[in-house]
Amino acid sequence: MYIKQVIIEGFKSYREQVATDPFSPKVNCVVGANGSGKTNFFHAIRFVLSDLYQNLRSEDRVALLHEGAGHQVATAFVEILFDNSDNRIPVDKEEVHLRRTINQKKDEYFLDGKHITKTEVMNLLESAGFSRSNPYYVVQQGKIASLTLMKDSERLDLLKEIGGTRVYEERRRESLKIMQETGNKRKQIIQVVQYLDERLRELDEEKEELRKYQQLDKQRKSLEYTIYDKELHDARQKLAEIEEARTKVSETSTKMYNSVLDAHEKSKDLDKTMKDLTKELNALSKEKEAAETRRTEAIKKQTELELDVKDLEEKMSGNTRAREDAARQLQILQNEIQDSMNELEEINPLYENQVIQEKEITKGIMEREKQLSILYQKQGRATQFSSKAARDKWLQKEIKDLNVVLTSNLDQEKKLEDEIHRLNSELREQDVYIESRKTEIANLESLISESREGFNYQRSQRDKLQDERNLLSMGRRVFLVTSIKGAIQEVRRGLNSVRRICREYKISGVFGPIIELLDCDERFFTAVEVTAGNSLFHVVVENDDISTQIIKHLNSLKGGRVTFIPLNRVKAPRITYPQSSDVIPLLKKLKFSPNYTAAFAQVFARTVICRDLDVATRVARNDGLDCITLEGDQVSKKGGMTGGFYDHRRSKLKFMNIIMQNTKSINTKEEELEKIDQKITELVTEQQKIDAKRTHDKSELEQLKQDIANANKQKKLVSRALENKEKSLADVRTQIDQLRASMAMKEAEMGTELIDHLTPEERVLLSRLNPEITDLKEKLITCKTDRIETETRKSELETNLTTNLKRRKQELEAIISSAETDNLNGDVEIKRQELYDAKLLVEDATEQLKRVSESIDDRTKQLRKIKDEKTKLKNLEDNYERTLQDEAKELEQLLSKRNVFLAKQEEFSRKIRELGPLSSDAFETYKRRNIKELNKMLHRCVEQLQQFSHVNKKALDQYVNFTEQREELQKRQAELEAGDEKIRELISVLDQRKDESIERTFKGVARHFREVFSELVQGGHGHLVMMKKKDGDQGDDDDDGDGPREADLEVRVEKYIGVKVKVSFTGQGETQSMKQLSGGQKTVVALTLIFAIQRCDPAPFYLFDEIDAALDPQYRTAVGNMIRRLADMASTQFITTTFRPELVKVSDKIYGVTHKNRVSRVNVVSKEGALDFIEHDQSHNAD
32 MYIKQVIIEG
42 FKSYREQVAT
52 DPFSPKVNCV
62 VGANGSGKTN
72 FFHAIRFVLS
82 DLYQNLRSED
92 RVALLHEGAG
102 HQVATAFVEI
112 LFDNSDNRIP
122 VDKEEVHLRR
132 TINQKKDEYF
142 LDGKHITKTE
152 VMNLLESAGF
162 SRSNPYYVVQ
172 QGKIASLTLM
182 KDSERLDLLK
192 EIGGTRVYEE
202 RRRESLKIMQ
212 ETGNKRKQII
222 QVVQYLDERL
232 RELDEEKEEL
242 RKYQQLDKQR
252 KSLEYTIYDK
262 ELHDARQKLA
272 EIEEARTKVS
282 ETSTKMYNSV
292 LDAHEKSKDL
302 DKTMKDLTKE
312 LNALSKEKEA
322 AETRRTEAIK
332 KQTELELDVK
342 DLEEKMSGNT
352 RAREDAARQL
362 QILQNEIQDS
372 MNELEEINPL
382 YENQVIQEKE
392 ITKGIMEREK
402 QLSILYQKQG
412 RATQFSSKAA
422 RDKWLQKEIK
432 DLNVVLTSNL
442 DQEKKLEDEI
452 HRLNSELREQ
462 DVYIESRKTE
472 IANLESLISE
482 SREGFNYQRS
492 QRDKLQDERN
502 LLSMGRRVFL
512 VTSIKGAIQE
522 VRRGLNSVRR
532 ICREYKISGV
542 FGPIIELLDC
552 DERFFTAVEV
562 TAGNSLFHVV
572 VENDDISTQI
582 IKHLNSLKGG
592 RVTFIPLNRV
602 KAPRITYPQS
612 SDVIPLLKKL
622 KFSPNYTAAF
632 AQVFARTVIC
642 RDLDVATRVA
652 RNDGLDCITL
662 EGDQVSKKGG
672 MTGGFYDHRR
682 SKLKFMNIIM
692 QNTKSINTKE
702 EELEKIDQKI
712 TELVTEQQKI
722 DAKRTHDKSE
732 LEQLKQDIAN
742 ANKQKKLVSR
752 ALENKEKSLA
762 DVRTQIDQLR
772 ASMAMKEAEM
782 GTELIDHLTP
792 EERVLLSRLN
802 PEITDLKEKL
812 ITCKTDRIET
822 ETRKSELETN
832 LTTNLKRRKQ
842 ELEAIISSAE
852 TDNLNGDVEI
862 KRQELYDAKL
872 LVEDATEQLK
882 RVSESIDDRT
892 KQLRKIKDEK
902 TKLKNLEDNY
912 ERTLQDEAKE
922 LEQLLSKRNV
932 FLAKQEEFSR
942 KIRELGPLSS
952 DAFETYKRRN
962 IKELNKMLHR
972 CVEQLQQFSH
982 VNKKALDQYV
992 NFTEQREELQ
1002 KRQAELEAGD
1012 EKIRELISVL
1022 DQRKDESIER
1032 TFKGVARHFR
1042 EVFSELVQGG
1052 HGHLVMMKKK
1062 DGDQGDDDDD
1072 GDGPREADLE
1082 VRVEKYIGVK
1092 VKVSFTGQGE
1102 TQSMKQLSGG
1112 QKTVVALTLI
1122 FAIQRCDPAP
1132 FYLFDEIDAA
1142 LDPQYRTAVG
1152 NMIRRLADMA
1162 STQFITTTFR
1172 PELVKVSDKI
1182 YGVTHKNRVS
1192 RVNVVSKEGA
1202 LDFIEHDQSH
1212 NAD
C-alpha cells in the first residue's frame, strides 16, 4: 500500500485543482523555494490522514481556504489515491480514493465517492497500519528540533505513548475515581450507623410509657369503632329506604319510558315510512311531470298529424279536380289540334305547289332575261369589239369567270347536300333517343309503383314491431319498478361505487357481494341474514391487490366504505360438526360456486342451525360453535344469547331474490327488445333505402321527361335548319343551271362571226322574249302573293300548334299522368298510421298519468294518516316530558337525602378506616351499649390519654425501622469494602501491565536505536538507558528537578523516571549525553530515535519535511542511503522535502513546487533539474 496520487483544490496556496503525477512506491522527493508551498503540500496530506486538523470551527475552516487574487474560494478538498493492491485497506478494490472536503459550514469525508464519518476514516487507517500512538510516519518541520531538546522524562513519555500505556492510565484513573466515590459512600454509611445507634438507645427508654399509652388508645379505638359502626348502620338503613323509594319512582318512570320508547320507535318507523313515501311521492311527481310532458307532446304531435292529414286530403281532392279539369281541357284541345292539323295538311300541298310554281316562274324569268341579255350583248358585239379574236378572248375570259363561279356553286352544293344528310341523320337519332327515353320513363314509373308498394309493406311491418316493442317496454318498466321498490333500502353507496369503479377502470377479478353470490331455501333466509349481518355486503375479490386498488379509488372519489374478502388471503376453517339430527351446518344449506368456498366458510362455517334454543345452548357449550335457530335466535360459543322478533317482510335475501328474478326477466325483455329494435332498425333502413331509391327514380323520371322535351326542341331546330338548307340547295342548283346555260351560249358564240346584227330567228326570239318576261313577272307577283298568304296561314297554324296547343297538351297530359296523386295517397296513409300511433300514445300517456295521479293521491292520504299518528305520538311524548319533570323533582329530593346519608356513610367508613387495625375483641366489647353511654366512656378515655401527650407515639415503629436501616447499611458497607479491594487489585494489575508495556517498548526501540545509530554514524555507537526510581534518588541531570511522586494509590510512585541517551560518534572514549552534543549531532540522534520508533512500529509510508536541514553532508548521505535501503528492502514509500542534493540523488521521482500569483503548483522535474535548482538556491543563499 502506498500513496499513488494527491489531488488538491482550494486548500491554502493551492487555488486551482492540482493532481500530481503518480508517486513512486519507493522514494519521492519534493523540492521548491521557501514559501512555494512544499509545507502546504505536506499539510494537505496530513489534513486527510492525521489528527492535526480536528474539531475545526468555522473561522478555522475559512483559514484553510485559499485567499489569493480574485474571489475567495467557497470550498476546498484534498483527495488521496491509495494503491491497495495488497488489500491492506479492508476494501475490496485495488485503488481507494479518500477525500476530505471543507467549506464554511461543513467538514466531510468521502471514500470512493461515498460519504463516511471521521471515526470510520480513523478506524480504516488504523486497520491499514497507521497507529494513533505513533504519529511518526509524518515528520514535519521542527519535529527534529523538539526531539533534540527533550528531557529524559519526556523521552519516557514518548515511549509510553508508543507503547500504548495511555489505555492503562485511563483505566487506572477511572478505577481511582470509582474507589474514591466508594470511600465517600463508606464514610457516609459509618456516620449514619453511628446516628442510628444513638437513636436506638433513646427509643429503648420510651417503650414502657408507650405500652400504657397503647392500652388506653386501644380502648379509645374500640369505643370509637362501636360508635361509628352504629352510626354507619343507621345511615345504611336510611339509604335502603331512599333506594326503595327511588326504585318505585324509577319503575313508574321506566314503564312510561318504555311506552314513550315504543312510541319513539314507532315514530322512527313512521318517519322512515314517511321518508319512503315522500321519496316515492317525489318520484311519482317527477313521473307525473314526465307523463304530462309526454301527453302534451303526444297531443301536440297528434294535432300536427291531424293538420298534415287534412292538408294532404285537401291536396289530393284538389289534384283530383285538377286532373278532371285537365282531362276536359285536353279533349277540347285535342279537337282544336286535330282541326289545325287537318287544315295544315290541306295547306301544305298548296304551299308546296305555290313554292314550286313560284320557283318555275322565277326560273323562266331568269332564263328569258338571260337570253335577252345575251341577244342584246350579241347585238352590240360589233360595237364592243373590234375583231372576232377580241370578242373570243373576252368570251373565253367570261367563260373562265363563270366556270370559277360554277365550281364554287358546285362545292357549295356538295356542302349543302352533306349538311342535309347530317341533319337527316340527326333527326333520326333524336327520334331514336326520344323513343328510348319514353321506354325508360315507362320502366321507371313501373319501378316507382313497385317501390311504393314495398315501402307501404315495410311500414306496416315496422308498425307491428313497434307495437310489440311498446308492450315489451311496458313489461320491463313494471319489473324495474317492482325491483326498485323492494331493493331501494338495501342499496349501498359503496357497492354502487365499486361497480362504477370496476366499469370505468376495467378492473377484473371482482365477483360481487356475498348476498349476490349465494342462494338457499327461503326458510333459511332469517338464519343466514342474522348470522352474516353486514357480511352479506362484503365483496369477494380474487386477491388483495384488487381490493387495495379499489380502496384507493374509493378514497379519492369519496365513494363510501366497503369490506373486501380476498380469496388469496382467507382460508376455510376446519370445523368438526356434531353428528345429530337436531344440528345442521349452515354452510351445507347454501348454494354457491365452489370458487368462493373460502369466502363463504369465513362467514358461515362456524355456525350451525339448531332445532330450538335448548339444543343451541347445549351445542354452543359442548362443541364451541355459534348456533342459530330458523327464527333467528342466536347462541354464541362465548355464552351470549340474542333473539326476539325478526320482521320477515324486510328480508334482504327475499329482496335480493326478487331483484335477481326481476333482473332475469328484465334481461330477457331487454334481449327481446334489442332483437325487435334491431329488426325495426333494419326495416327503417330498408324503408329509407326504398324511399331514397324512389326519390332517385322520381328525379330520374323528371330528368328523362326533361331530356325528351329538350330532344323535341332540338328536333324542331334541326327540322328548321333542314328546311333552310334545302332552300339554299335549290337556289344553288338554279344558279348552277343558269351558269351552265350562260357558259353554253358563250361557247356557242365563240365559233360565230363577229356581226353587228341578229339573225332572223334571234330577232324573232328577241321580240318574243320581252312580252313573255312581262307576262311571267305578272304571274310571279300573283303567285308570290298567294304563296305569302298561304305561308302566313301555315306559319300561324304551326306556331299555334307548337307554342300553344301542343305545349298546353303536354301540360295537361303531365297533370293527368302525374304520379303525385299516388304519392299523396301513400303520404296520407303514412300520416294516418302516424296519427293512429299518436292517438295510442296519447291514450297511453293519459292512462299512465291517471295511474300516477291515483298513486300520488294514495301516497298523499298515507302521508296525512302518518302525520296524524305522529301528532298523537308527539302528544304522548309531551305528557311523558311533563311527568318526567315531576318525577325528576321527586328524584332530586331523594337524591339530595341520599347524598347526605352517603356522605355520612362515607365519613363513618373513613373514620373506621382511620382507626386502623383493631384487636378481635374490640368489635364485640361495647356492642350492646347505647350511643350515649359510649360517648361518656369515650370522653373519660380521652381525658386519661391526655396525660400521655408527651409520649413518642412512634417509638416502637422507629425502633424497628432504625434497626432494619442499620442492618442494611452495615451490609452495604461490607459490599463497598469488598469492591474497594477488587479495585485495588485491578490497579495493581494495570500498573504491572503498564510497566511491562514500557519495558517491552523500550527494549524494541533501544535495539533499533543501536542499529540505526551504527548505520548513520560509521564507527560510532549509541544506546538508550532506562532511568529507574531508587530511594533517595532525585533523578539525572536532565530531569531539571522533576522528582518522584508520592507513593500512594492516587499518585503512584513511578518505577521509571526517564530515558537517557548515551552515544559515541568516534567509537572511542566515554559516551556522551544529549547536553554534551553539538547541534548537528543532536539532529543525528533525534533522527536515529525517529527511525528506531518507525522500525518498532512500521507504517506503509512516511512523510519527511526537511529532516536533513541541520545535518552535515556525511550524515545527509547516510540518511539518504538509509531511506533508499528501507524503501528497497521493506517496500516502504517515502515522500520527503529537502533543500539538499543527497535525498534528491536517492529519489525515484522528484516533484517541483512553484509559486506564482499566490498560487502553488506541483509538477514532475528531472533529477538534474532538481539538483540544478538546489545548487542555484544554495549559491543564492550563500550570497
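Counting with the numbering used here, you get residues 32 to 1214 for the letters of the sequence shown.
For glycine and all other residues, C-beta sits at the position ideal for the given N, C-alpha and C.
Nearest CA to the CA of residue i: which residue from the options?
i, options, result
"residue 616", "559, 583, 403 and 588", "559"
"residue 844", "814, 355, 1094 and 586", "355"
"residue 1088", "186, 57 and 79", "186"
"residue 1029", "192, 177 and 45", "192"
"residue 1203", "1127, 53 and 1173", "1173"
"residue 110", "135, 94, 80 and 103", "80"
"residue 681", "300, 1147 and 1160", "300"
"residue 842", "364, 262 and 675", "364"
Which value, in whole angstroms, describes the spacing of the CA atoms of residue i and residue j?
i, j, result
"residue 126", "residue 1132", "16 Å"
"residue 1065", "residue 1056", "Summary for residue 1065: the model assigns pLDDT 46, below 50, so the residue's position carries little reliability; its value from the coordinates is reported in the next sentence. Approximately 16 Å between the Cα atoms of the pair."
"residue 802", "residue 395", "13 Å"
"residue 598", "residue 592", "19 Å"
"residue 370", "residue 828", "10 Å"
"residue 1023", "residue 1004", "29 Å"
"residue 516", "residue 905", "With a pLDDT of only 41 at residue 516, under 50, the local geometry of the prediction cannot be trusted, and the value read off the model is given with reservation. About 29 Å."
"residue 449", "residue 715", "59 Å"
"residue 214", "residue 184", "33 Å"
"residue 1192", "residue 150", "31 Å"
"residue 37", "residue 116", "18 Å"
"residue 315", "residue 324", "14 Å"
"residue 685", "residue 583", "33 Å"
"residue 282", "residue 586", "49 Å"
"residue 1077", "residue 1058", "In this prediction, residue 1077 has a pLDDT of 35, which is less than 50 and means its spatial position is unreliable; what the coordinates show is noted afterwards. Roughly 18 Å between the two C-alpha positions."
"residue 1021", "residue 203", "7 Å"
"residue 388", "residue 735", "44 Å"
"residue 463", "residue 385", "34 Å"
"residue 480", "residue 728", "10 Å"
"residue 671", "residue 255", "49 Å"
"residue 576", "residue 655", "34 Å"
Mind checking who residue i pairs with in its DSSP beta bridge?
i, result
"residue 1167", "60 and 1135"
"residue 108", "40 and 132"
"residue 1194", "1183"
"residue 113", "34 and 127"
"residue 141", "130 and 146"
"residue 1089", "1058"
"residue 544", "570"
"residue 1205", "Answer by DSSP bridge pairing: none, since residue 1205 is not bridged."
"residue 640", "615 and 659"
"residue 666", "658 and 672"
Assuming residue i contacts residue j (C-beta within less than 8 Å), just tell me the rounded distance between them.
i, j, result
"residue 609", "residue 650", "6 Å"
"residue 1167", "residue 1135", "4 Å"
"residue 75", "residue 120", "So it is not a contact: roughly 20 Å between Cβ atoms."
"residue 551", "residue 661", "Wrong, their Cβ atoms sit about 12 Å apart, outside the cutoff."
| task | Please go through the region 326-384 and give each complete beta strand (DSSP E) segment of 3 or more residues, from N-terminal end onward. | result | none
| request: Please specify which runs of the beta strand (DSSP E), each continuous and at least 3 residues long, are wholly inside the region 555-626, giving them in chain order. | output: 570-572, 595-597 and 614-616
| message | Just to confirm the assignment: which complete alpha helix (DSSP H) runs, minimum length 4, are found wholly within the region 978-1044? | response | none
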